[in-house]
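Residue numbers (the working numbering), protein chains in the order written: chain A, 1 to 304; chain B, 1001 to 1213. One structure below.
Shown next, in the form of structure tokens:
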């Protein structure tokens, strides 16, 4: 690990995530024939939230204040475990994929606990939904990780994604495609994007993630928004690493290719959000079960 | 080439799962048509070129990709239905059952004493899994049209097994089976129309009302 590799890695990790949200929103507004907010709007929103004062309800405890901080910390730690653009992850050890999966679970636990702490019935409902859908996402994510460990013959994300080259595409393109399909569903579900949850909705009864964070304000809310965009970035980077096992000789080209792929992924998510309607809540487990079946099937094929 | 055939068979298995999970008949009919066309392509990848192979595959693509979907969608239009409403087994459980059958098919195929050149391909497990999905569709759906689709999937499964034989399978038998299938679907289309005219629905569970007192 050299300094000139670490610095762009960290800068990209910290600065790029809100841009993805901006690209998604711009794609949606182009589909709707609107001008749309500027691409950098998520940054302006974050800056605005950071300048504000926080308001805490006096029925809440320390848990409510700890929620956003732990969410952000856990998400950023998970971000350190994922390799970007062929450059190895900043922290990597044998078995870090399990830490990767459970850091997201930790952040979800604290978001849900903070939501329950407010005592609002809407937030309790949102927490119940988020946690029950997460139960269905987790097996899919683990089937994906097991299959990847099998394909890449390693237990750390860096080893796996470095071992994943064009060879695997030749031998088992179907497995990688199945994994990518399942991973895309996991990405949409984990980030509460459209077929599962509408990030722009303003009706508490239909919301999942947004309803849990209604009571947060100021910097705390900014942390949650930023953590959400980092989560999108990290899972997106996971998907890009999976689909594009690039080995650019020149690191600069590698970074450019990676950034272009991430932006394309954001456009893809924006397209999905523009052409699909949000699913009814009773249909969501069906789609998640499909992702589980896809990833289990991929594992089955990789075991042969 | 053999790797590509394997990937296409994975696609066939995915189509089975799609069929088990969807409630839209028009979509299901198209999925079965795609499955038939894929199966028409696979023999080209597995066996060297011959006139007899070319004739069979062209016939298969035309019949399974064109004629049969045309008959079925005609029957669907005449019976004015778009969805299978209440199957005996829900979509999610049948999807899960399909996935479990697929897994069991892979396990079972490992145990079979296959010839060494067939062991690397997923032809045998794909065939068993497709046959099982066909059975599942036939037994758990109520609408006659879904059952016809199940029958087609079942036949596709048997055809996948025939892929291993390729050269040895005589032309007459292949075309004979295809003709039987075509006539069968044709007759089923007529039967579905009659059921829908008689009962104003094509729910086969109502056929029990026909028994003599």
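Where a beta carbon is used, it is the ideal one built from N, C-alpha and C, also for glycine. All values reported here derive from a predicted model rather than from experimental measurement.
Residue i versus residue j: straight-line alpha-carbon distance, rounded
i              : j              : result
residue 290/A  : residue 1129/B : 17 Å
residue 1149/B : residue 127/A  : 41 Å
residue 1125/B : residue 98/A   : 32 Å
residue 1111/B : residue 125/A  : 49 Å
residue 281/A  : residue 1077/B : 31 Å
residue 1065/B : residue 1036/B : 6 Å
residue 1026/B : residue 1019/B : 11 Å
residue 147/A  : residue 1080/B : 44 Å
residue 1182/B : residue 278/A  : 40 Å
residue 268/A  : residue 183/A  : 14 Å
residue 975/B  : residue 88/A   : Outside the modelled stretch of chain B, which goes from 1001 to 1213, sits residue 975/B, for which no answer is possible.
residue 1144/B : residue 220/A  : 57 Å
residue 40/A   : residue 1091/B : 43 Å
residue 1031/B : residue 1142/B : 19 Å
residue 214/A  : residue 231/A  : 19 Å
residue 273/A  : residue 25/A   : 10 Å
residue 1178/B : residue 1118/B : 25 Å
residue 169/A  : residue 151/A  : 11 Å
residue 118/A  : residue 2/A    : 46 Å
residue 1072/B : residue 1191/B : 11 Å
residue 1134/B : residue 1187/B : 19 Å
residue 261/A  : residue 255/A  : 10 Å
residue 303/A  : residue 296/A  : 11 Å
residue 135/A  : residue 1013/B : 26 Å
residue 77/A   : residue 158/A  : 15 Å
residue 218/A  : residue 21/A   : 19 Å
For residue i, three-class secondary structure by DSSP
i              : result
residue 229/A  : helix
residue 96/A   : helix
residue 215/A  : coil
residue 87/A   : strand
residue 1143/B : strand
residue 209/A  : helix
residue 124/A  : helix
residue 41/A   : helix
residue 165/A  : coil
residue 159/A  : helix
residue 1177/B : helix
residue 35/A   : coil
residue 77/A   : helix
residue 13/A   : helix
residue 118/A  : coil
residue 82/A   : coil
residue 181/A  : helix
residue 194/A  : coil
residue 1057/B : helix
residue 1113/B : coil
residue 314/A  : Given that chain A is displayed from residue 1 to residue 304, the structure contains no residue 314/A and the question cannot be resolved.
Spatially closest choice to residue i from the options, by CA coordinates
i              : options                        : result
residue 198/A  : 276/A, 2/A, 3/A                : 276/A
residue 1011/B : 173/A, 272/A, 213/A            : 173/A
residue 1089/B : 1131/B, 1029/B, 1023/B         : 1023/B
residue 1063/B : 1205/B, 1152/B, 1043/B, 1018/B : 1152/B
residue 180/A  : 196/A, 131/A, 21/A, 237/A      : 237/A
residue 69/A   : 225/A, 302/A, 6/A              : 225/A
residue 1204/B : 1190/B, 1164/B, 1146/B         : 1146/B
residue 200/A  : 7/A, 2/A, 29/A, 14/A           : 29/A
residue 59/A   : 193/A, 116/A, 136/A            : 116/A
residue 191/A  : 178/A, 206/A, 177/A, 210/A     : 210/A
residue 1047/B : 1187/B, 1164/B, 1175/B, 1193/B : 1164/B
residue 367/A  : 203/A, 105/A, 5/A, 61/A        : Residue 367/A is absent from the model: chain A starts at 1 and stops at 304.
residue 1222/B : 1049/B, 1014/B, 1055/B         : Outside the displayed range of chain B (1001 to 1213) lies residue 1222/B, so it cannot be described from this structure.
residue 194/A  : 61/A, 144/A, 3/A, 271/A        : 271/A
Beta carbon of residue i nearer than 7 Å to that of residue j
i              : j              : result
residue 222/A  : residue 16/A   : no
residue 233/A  : residue 85/A   : no
residue 1196/B : residue 1140/B : no
residue 175/A  : residue 294/A  : no
residue 1017/B : residue 1098/B : yes
residue 1185/B : residue 1154/B : no
residue 178/A  : residue 298/A  : yes
residue 187/A  : residue 235/A  : yes
residue 251/A  : residue 164/A  : no
residue 103/A  : residue 149/A  : no
residue 72/A   : residue 80/A   : no
residue 1189/B : residue 1028/B : no
residue 155/A  : residue 241/A  : no
residue 1008/B : residue 1042/B : yes
residue 292/A  : residue 83/A   : no
residue 43/A   : residue 18/A   : yes
Those residues which DSSP pairs with residue i across a bridge
i              : result
residue 48/A   : None; residue 48/A has no bridge partner.
residue 1203/B : 1143/B
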